[in-house]
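Inspection log for the structure reproduced underneath, given as structure tokens.
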Amino acid sequence: MLRAMYAEGEERLRQAGIEEAGLDAWYLLEFVTGVDKAHYYMEPDRRMEQSVAQEYEKVVNLRAEHIPLQHITGVQEFMGLGFRVSGDVLIPRQDTEVLVEEALKRLEQGKVPKEKETVRMLDLCTGSGCILISILYYAAKEKIQIQGTGADISEAALRIAEENLDLLEETGNKSMAELLESDLFEQVDGTFGMIVSNPPYIRTSVISGLQEEVRLHDPFLALDGKEDGLFFYRKIIEESRAYLQKNGVLLFEIGYDQGEAVSELMTKEGYGQVVVKKDLAGLDRIVCGVYTE
Numbered sequence: 001m002l003r004a005m006y007a008e009g010e011e012r013l014r015q016a017g018i019e020e021a022g023l024d025a026w027y028l029l030e031f032v033t034g035v036d037k038a039h040y041y042m043e044p045d046r047r048m049e050q051s052v053a054q055e056y057e058k059v060v061n062l063r064a065e066h067i068p069l070q071h072i073t074g075v076q077e078f079m080g081l082g083f084r085v086s087g088d089v090l091i092p093r094q095d096t097e098v099l100v101e102e103a104l105k106r107l108e109q110g111k112v113p114k115e116k117e118t119v120r121m122l123d124l125c126t127g128s129g130c131i132l133i134s135i136l137y138y139a140a141k142e143k144i145q146i147q148g149t150g151a152d153i154s155e156a157a158l159r160i161a162e163e164n165l166d167l168l169e170e171t172g173n174k175s176m177a178e179l180l181e182s183d184l185f186e187q188v189d190g191t192f193g194m195i196v197s198n199p200p201y202i203r204t205s206v207i208s209g210l211q212e213e214v215r216l217h218d219p220f221l222a223l224d225g226k227e228d229g230l231f232f233y234r235k236i237i238e239e240s241r242a243y244l245q246k247n248g249v250l251l252f253e254i255g256y257d258q259g260e261a262v263s264e265l266m267t268k269e270g271y272g273q274v275v276v277k278k279d280l281a282g283l284d285r286i287v288c289g290v291y292t293e
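Note that the UniProt record's numbering numbers the sequence shown so that position 30 is 30, with each residue one more than the last.
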């Protein structure tokens, strides 16, 4: 019965030390059975086929081994869109939506330079493509002419991003996005009105102390910001000047304690109007600046 399956799943995850045992047990139940909460409460004693119960037990056991929920279901919601994910990409996190929202706000306010009536945008370290695709998706809904490039050094990550480009089909303009295998700017051509990035920013020495789900299952390449966590910010800020149009916008996601350091790096390289913005938890989450030189 559904009720018994859920109770057993929740208890198994609780014993395994999973923080959100009840929530994860529910998501997995919905994933395996296709039963939403409304129907669950209408028929909590509904019987399931043995094969379904066995599949539920299997995925619960995977989660009990601290394999991320999203790696089991293969999907993570971000900005209201369902993104395909795997162990080859960083799982999209709600905190990152602040970066997308700021980019969209600047686009809607006409604060991003255009090239022949079209905004050209670059997303460095694109991973699953969640930032790139979300910006393009909602900009297209607002009738903003935009072309986006997502660059990543990982071929495996780009395969996931390629699958996620299907989310743009609803806009009728999937071709507004392209993907590029590139170590930061190495293979990038042209200039852009906006560059966005959520680069690796965790200090190497800190990674070993992260949650098991992150430490063992997120790609190390997407986490490691080298000794002080600022390695990729330095490179991107320094090199971005050659790839931004006049008054072009650079937006970063940052760690909660990196706002001041990244702001100083941008100011030293000629960026103006540098601001730090917070996430819903009140922590520094993004840094934005305009290149005017």
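Glycine residues also receive a C-beta, built at the ideal position from the N, C-alpha and C atoms.
C-alpha distance - residue i paired with residue j, whole-angstrom precision
i	j	result
GLU264	TYR233	11 Å
PRO44	GLU19	24 Å
LEU122	ILE207	28 Å
VAL35	HIS217	28 Å
ASP257	ASP284	7 Å
LYS141	GLY150	20 Å
ASP54	MET79	Reading off the sequence shown, one finds Gln at residue 54, where the question assumed Asp. Going by the C-alpha atoms only, they are around 33 Å apart.
LYS37	GLN70	19 Å
residue 321	GLU253	There is no way to answer for residue 321, as the model of the chain reaches only from 1 to 293.
VAL249	GLY255	20 Å
GLY289	GLU102	12 Å
VAL274	ALA139	23 Å
LYS143	LYS116	15 Å
From the options, residue whose alpha carbon lies closest to that of residue i
i	options	result
GLY193	MET266, SER240, GLU97	SER240
THR292	VAL275, GLY282, GLY270, LYS278	GLY270
CYS130	GLY110, GLU162, SER205, THR118	GLU162
ASP224	GLU178, CYS125, GLU186	CYS125
ARG47	TYR6, GLY127, GLY209, LEU251	TYR6
GLU186	ARG106, ILE236, PHE31	ILE236
PRO68	SER86, GLU77, PHE78, MET79	SER86
ALA177	GLN147, LEU184, LEU167	GLN147
ALA222	GLU11, GLN50, ILE91	ILE91
ASP88	ILE160, LEU23, GLN109, GLY17	ILE160
MET42	MET1, GLY209, GLU102, GLU108	MET1
GLY17	ASN61, LEU167, GLU49	ASN61
ARG120	ASP152, LEU184, ASP189, GLN109	ASP189
GLU238	LEU184, GLY209, GLU260	LEU184
Beta-carbon gap between residue i and residue j smaller than 9 Å
i	j	result
ARG84	VAL75	yes
ALA4	LEU13	no
SER154	PRO219	yes
GLU8	GLU57	yes
LEU251	VAL287	yes
LEU28	THR73	yes
LEU179	LEU165	yes
VAL262	LEU230	yes
SER128	ALA157	yes
GLU30	ALA21	no
GLU227	THR204	yes
residue 300	VAL98	What the structure shows of the chain is the stretch from 1 to 293, and residue 300 is not part of that stretch, so it cannot be assessed.
Nearest-angstrom Cβ-Cβ length linking residue i and residue j, presumed shorter than 8 Å
i	j	result
TYR40	LEU81	Not quite, the Cβ-Cβ distance comes to about 25 Å (not below 8 Å), so this is no contact.
THR33	VAL52	6 Å
LEU104	ILE135	6 Å
GLN94	THR118	The pair is not a contact, with the Cβ atoms about 30 Å apart (cut-off 8 Å).
ARG106	VAL100	The pair is not a contact, with the Cβ atoms about 11 Å apart (cut-off 8 Å).
Q) Three or more beta-carbon pairs under 8 Å between the region 236–245 and the region 200–214, yes or no? A) no
Q.
Closer than 8 Å is the cut-off here; do at least three beta carbon pairs connect the region 165–178 with the region 197–205?
A. no
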